[in-house]
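Chemist: In my numbering, the protein residues as written are 10 to 133.
Please see the structure below; I have some questions.
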Amino acid sequence: MGLRPPPLSTDRLTCRRARPRFGAPAGKLRLEKTSMFKALFVEHPRAVNESYGEHWIVANRFGLKMIVAGLGTMLHGFVPGLLTHAGSDAIRKLHGEMTRRQTAAIKAQPDRPAPNRWQPEYEI
């Protein structure tokens, strides 16, 4: 008999920062059990202060802009005189929008920890 994989579970353990309570140290880590549905569809949009629908629209708009910029950059690779600034301009615009969105999300959730230096400023 071969080894069988463990049964699939719809629950998982996540490690997250506890919300500060009166008299408790801020930022203490705790384990909590969350459903897979909540982990996949609810937690991240809520963390960036959006509904699922709002997050879907924003992520798809960002993705489409990145695809268009990538195609323009590929065309620039074939014909270097065309679209000389299209890729870098798109990156600057997307970065600016992500930075503004991150600032708004942090202001909406003041107990959220500030991102580390190497984290993306806004997660899609």
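Glycine residues also receive a C-beta, built at the ideal position from the N, C-alpha and C atoms.
Only a predicted model underlies this, so the values are computations on that prediction, with no experimental measurement involved.
Find out if the Cβ-Cβ distance for the pair G81, G105 is shorter than 8 Å.
Modeler: Residue mapping note: residue 81 aligns to position 72 of the sequence shown, counting from 1. Residue mapping note: residue 105 aligns to position 96 of the sequence shown, counting from 1. Against a cut-off of 8 Å, the Cβ pair of G105 and G81 comes out as no contact.
Chemist: Is A117 buried or exposed, if buried means 16 or more other CB atoms sit within 10 Å of its CB?
Modeler: Taking the sequence shown and counting its residues from 1, the one referred to as residue 117 is at position 108. Exposed, because fewer than 16 other Cβ atoms sit within 10 Å of the Cβ of A117.
Chemist: Give every residue of the same chain whose Cβ lies closer than 6 Å to the Cβ of A78, excluding the five residues on either side of it in the sequence, and list them in chain order.
Modeler: Within the sequence shown, the letter at position 69 stands for residue 78. Contacts found: G96 and A99.
Chemist: Is the CB-CB distance between L84 and L92 below 8 Å?
Modeler: Position 75 of the sequence shown, counted from the first residue, corresponds to residue 84. Position 83 of the sequence shown, counted from the first residue, corresponds to residue 92. In this structure, L92 lies closer than 8 Å to L84 by Cβ.
Chemist: Distance, Cα to Cα, A48 vs P54?
Modeler: As a first step, residue 48 must be located in the sequence shown, where it is residue number 39. As a first step, residue 54 must be located in the sequence shown, where it is residue number 45. Taking the straight line joining both Cα atoms gives about 10 Å.
Chemist: P54 by DSSP, collapsed to three states: which one?
Modeler: Here residue 54 refers to the residue found at position 45 when the sequence shown is read from its first residue. If DSSP states are grouped into helix, strand and coil, P54 belongs with the helices.
Chemist: Quick one: what's got a C-beta closer than 8 Å to H94's C-beta in the same chain, skipping five residues either side?
Modeler: On the sequence shown, position 85 is the one that residue 94 refers to. Closer than 8 Å at the Cβ level, and outside the excluded window around H94, lies no residue.
Chemist: What's the call for V88, buried or exposed, on a 16-neighbour Cβ count within 10 Å?
Modeler: One-based indexing of the sequence shown puts residue 88 at position 79. By the 10 Å Cβ count, V88 comes out exposed.
Chemist: Excluding sequence positions up to five away, which residues of its chain have a Cβ less than 8 Å from the Cβ of Y61?
Modeler: Numbered from its first residue, the sequence shown carries residue 61 at position 52. Excluding sequence neighbours, Y61 sits near F50, V51 and P54.
Chemist: Let's see if you can read the secondary structure: which residues bound the alpha helix (DSSP H) around V77?
Modeler: As a first step, residue 77 must be located in the sequence shown, where it is residue number 68. Per DSSP, V77 is one residue of the alpha helix (DSSP H) stretching across Y61 to F87.
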